[in-house]
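Okay, structure first, notes after.
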Amino acid sequence: MSGKPVHPLRALRDRFNLTQKRLAEEAGVGAQTILRAEHNKPINAESRRLLCEYFGMRSEELGLVVDEKTPEKKSLSHGNHVAFEQLPGLSEAIAQGIVLAVQELEGQHMDKSRRNFLQVLGLASTAMTAPSSPAQISMSHDVPVSPLWERLTRTLVSSSPIDEETLLQVEASTRDCWRVLPNVLGSFSRNLLQHTQRQLEVVTDLLESAPPQATRTRLAAVAGEFAQVVGEILFDLKENEQAEKYYNVAIAAAEVAQDNVMRAVALGRKSFVPIYEHNSQSALPLLQEAHLLTAHNAPMVMRAWLSAIEAEALANMYDETACREALDRSERFLAVAQPAEVPLPRFNYSTLLGYKGVCALRLKQPECAQVVLNESLKIMEPHRLRHKAIVLVDLATSYVLQREIEEACRCASQSLLLIAELKSSRVFQRVMSLRAQLEPWQTTAVVKRLDEQIAVTRPFVALAGTLPS
1 MSGKPVHPLR ALRDRFNLTQ KRLAEEAGVG AQTILRAEHN KPINAESRRL
51 LCEYFGMRSE ELGLVVDEKT PEKKSLSHGN HVAFEQLPGL SEAIAQGIVL
101 AVQELEGQHM DKSRRNFLQV LGLASTAMTA PSSPAQISMS HDVPVSPLWE
151 RLTRTLVSSS PIDEETLLQV EASTRDCWRV LPNVLGSFSR NLLQHTQRQL
201 EVVTDLLESA PPQATRTRLA AVAGEFAQVV GEILFDLKEN EQAEKYYNVA
251 IAAAEVAQDN VMRAVALGRK SFVPIYEHNS QSALPLLQEA HLLTAHNAPM
301 VMRAWLSAIE AEALANMYDE TACREALDRS ERFLAVAQPA EVPLPRFNYS
351 TLLGYKGVCA LRLKQPECAQ VVLNESLKIM EPHRLRHKAI VLVDLATSYV
401 LQREIEEACR CASQSLLLIA ELKSSRVFQR VMSLRAQLEP WQTTAVVKRL
451 DEQIAVTRPF VALAGTLPS
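Right, dumping it as structure tokens:
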């Protein structure tokens with residue numbers, strides 16, 4: 001085995017699963033250029049610029065040989081391309097997350113998707129950040145500062161120009177976060193959380209500069225989206241109190257942005273906190289307000305999603321009639337919804353069946369739950385691993401209610417296999433709740449084997465966030 005060090009450009013290609021030809025096509029350079037660069041031969045200034053823009057790194061970080069007659073210049077924004085600086089300490093976990101989600105994003109617009117994704121997980125746009133902002137100075141010297149959610153709240157209630165390119169970039173970054181979130185929630189939640197909070201810092205700094213009203217409205221909308229991403233990640237990490245604070249910020253930002261749809265989505269997300277804290281009664285006012293905001297001109301898929309959440313809250317309160325009415329409403333809305341109306345809710349018929357299943361469980365109707373949950377698994381998209389893990393746990397619960405312990409443990413075991421990959425603290429908590437229901441059978445062989453699998457899975461979840469107690 002050769003001890004020769006791998007060229008930095010080659011190492012990045014391997015990390016992102018790129019051939020020389022693929023990288024050349026996406027970066028807009030010739031295939032021979034990549035070959036020359038990886039053999040430490042000089043390449044022209046334009047090729048260096050394109051490769052630097054593609055990876056968001058400096059020429060020396062890519063190991064590109066620079067002709068002394070044509071000194072390297074720092075890349076600036078050009079159209080849709082933005083120069084990035086590599087953040088210090090890009091971890092292997094982030095790199096693995098990039099590879100996983102890049103594979104998920106393979107498609108006809110791969111060049112743009114990959115650039116955006118590199119920005120989302122581990123790279124930050126220098127065009128979007130002002131050097132030595134108060135927040136950055138405070139953080140670099142460990143000076144105590146107000147929590148980010150608190151700063152942003154003050155900013156929203158408190159006229160320098162901001163260029164259009166910066167606005168477009170921060171708006172695009174929110175879309176990238178939503179697209180990446182399903183692929184990394186659990187496994188790489190902390191990484192995306194840190195990135196999103198950094199982006200929210202940038203937006204907060206821009207808002208604090210007192211921009212004109214039209215710009216302020218757009219920035220408030222961006223802040224609301226980022227705050228919801230942060231809230232959803234914190235909720236998955238079982239940090240409910242912090243999640244609720246960011247949802248509140250998102251609601252306030254939506255009011256400033258005069259965006260009723262965003263406000264309704266944030267209210268829907270916030271309602272999960274009391275539902276999972278066994279206080280479903282407190283979720284109903286939030287959902288009712290969201291329904292009022294979406295009564296006119298709102299995407300039907302959103303109305304379907306809100307109605308499904310309401311159904312779960314009502315089932316927790318054992319109101320079967322109102323629960324069924326909410327589920328019927330959700331199904332009617334979903335039947336006329338257009339695909340991908342909003343980036344939110346990864347909500348479709350398979351998801352609705354999952355809600356129907358959990359409602360049936362709350363109402364002590366295990367046979368009904370099994371029918372809809374098995375149907376959900378049958379039609380579920382292959383990439384919805386987190387949703388599959390949840391449905392499997394709920395299916396296991398239905399078997400416990402029927403005292404079919406072997407079948408319950410079989411479904412729970414399948415869910416744990418997925419959880420070991422997902423590393424979702426929230427989904428693992430669902431398994432632990434199931435395990436509590438298995439206590440009467442704790443001495444049986446199948447439950448003992450499940451306990452062993454739980455013990456093996458627990459460290460994987462601990463890597464991602466808060467462990468369920």
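Position 190 (the sequence shown) corresponds to 190 in UniProt numbering; numbering is contiguous. For each residue, glycine too, the CB sits at the ideal point set by N, CA and C.
Reference residue i; option with closest CA among the options
{"i": "L9", "options": "H296, A45, S59, R362", "result": "S59"}
{"i": "E171", "options": "H195, V184, L193, V203", "result": "V203"}
{"i": "D176", "options": "I390, A295, E165, Q199", "result": "Q199"}
{"i": "S433", "options": "L417, E164, I454, T444", "result": "I454"}
{"i": "H39", "options": "R22, P5, V29", "result": "P5"}
{"i": "G268", "options": "A313, L51, Q242", "result": "A313"}
{"i": "A360", "options": "A322, K21, V336", "result": "A322"}
{"i": "D163", "options": "A253, G186, L185, L206", "result": "L206"}
{"i": "V222", "options": "A210, V256, V391, R332", "result": "V256"}
{"i": "Y276", "options": "A254, R430, E53, K356", "result": "R430"}
{"i": "L417", "options": "V261, R458, L401", "result": "R458"}
{"i": "R384", "options": "G63, L185, L167, S47", "result": "L185"}
{"i": "H296", "options": "P285, E320, D259", "result": "D259"}
{"i": "Y246", "options": "P285, E165, P147", "result": "P147"}
{"i": "C368", "options": "N240, R324, Y54, P382", "result": "R324"}
{"i": "V427", "options": "S187, N240, A11, A389", "result": "A389"}
{"i": "C409", "options": "D451, P382, E381", "result": "D451"}
Close beta carbons around residue i, own chain, < 7 Å, minus the five adjacent residues each side
{"i": "R329", "result": "S307"}
{"i": "Q108", "result": "The pLDDT assigned to Q108 is 36, lower than 50, so where the model puts this residue is not dependable; a value taken from the coordinates is nonetheless given after this. Here the set comprises nothing."}
{"i": "K41", "result": "V65"}
{"i": "A243", "result": "G231, L234, F235, V273"}
{"i": "T407", "result": "Here residue 407 turns out to be Glu, not Thr, going by the sequence shown. Within the same chain, E407 has close Cβ partners Y399."}
CB-CB length for residue i against residue j, believed under 8 Å
{"i": "N316", "j": "S280", "result": "4 Å"}
{"i": "F272", "j": "V301", "result": "In fact, because the Cβ distance is near 17 Å, the residues do not count as touching under 8 Å."}
{"i": "A227", "j": "A250", "result": "4 Å"}
{"i": "S424", "j": "V393", "result": "Their Cβ separation, rounded to whole angstroms, is 11 Å, which puts S424 and V393 out of contact at 8 Å."}
{"i": "L377", "j": "L352", "result": "That pair is no contact at about 14 Å."}
{"i": "Q437", "j": "T397", "result": "7 Å"}
{"i": "L50", "j": "A27", "result": "5 Å"}
{"i": "A420", "j": "F460", "result": "5 Å"}
{"i": "A298", "j": "V261", "result": "6 Å"}
{"i": "A283", "j": "A266", "result": "Not confirmed; about 14 Å, so no contact."}
{"i": "L422", "j": "R386", "result": "6 Å"}
Cutoff 6 Å; reference residue i; Cβ partners in own chain excluding five residues on either side
{"i": "E310", "result": "L287, A326"}
{"i": "G89", "result": "Per-residue confidence for G89 stands at a pLDDT of 33, beneath the threshold of 50, marking its modelled position as unreliable; no derived number is given."}
{"i": "residue 482", "result": "The chain is shown from 1 up to 469; residue 482 falls before or after that span and cannot be answered."}
{"i": "R362", "result": "A315, N316"}
{"i": "K21", "result": "A31"}
{"i": "A264", "result": "A290, L293, T294"}
{"i": "I43", "result": "T33, R36, A37"}
{"i": "E92", "result": "Residue placement at E92 is poorly supported in this model, since its pLDDT is 41, which falls under 50; the coordinates are not used for a value here."}
{"i": "I379", "result": "S350"}
{"i": "E225", "result": "T174"}
{"i": "V372", "result": "L353, K356, G357"}
{"i": "P366", "result": "S398, L401, Q402"}
Neighbourhood of residue i by C-beta, 8 Å cutoff - its chain only, sequence neighbours within 5 removed
{"i": "V229", "result": "T174, C177, W178, L181, L192, T196"}
{"i": "N374", "result": "L395"}
{"i": "N248", "result": "W149, T153, K270"}
{"i": "I405", "result": "Y399, L438, W441, T444, V446, V447"}
{"i": "A24", "result": "G30, A31, T33, I34"}
{"i": "Y318", "result": "R362, L363"}
{"i": "R218", "result": "L167, E171, A257"}
### Message
Report the start-end ranges of each beta strand (DSSP E) in the UniProt domain "HTH cro/C1-type" (9-62) that is 3 residues or longer and not cut off at the edges.
### Response
none
### Task
Entirely within the region 354-433 and at least 4 residues each: give me those alpha helix (DSSP H) ranges in chain order.
366-379, 385-401, 405-422
### Query
Taking the runs of the beta strand (DSSP E) that are 3 residues or longer, which of them lie wholly in the region 197-277?
Counting whole runs of 3 or more residues, the region 197-277 contains no beta strand (DSSP E) stretch at all.
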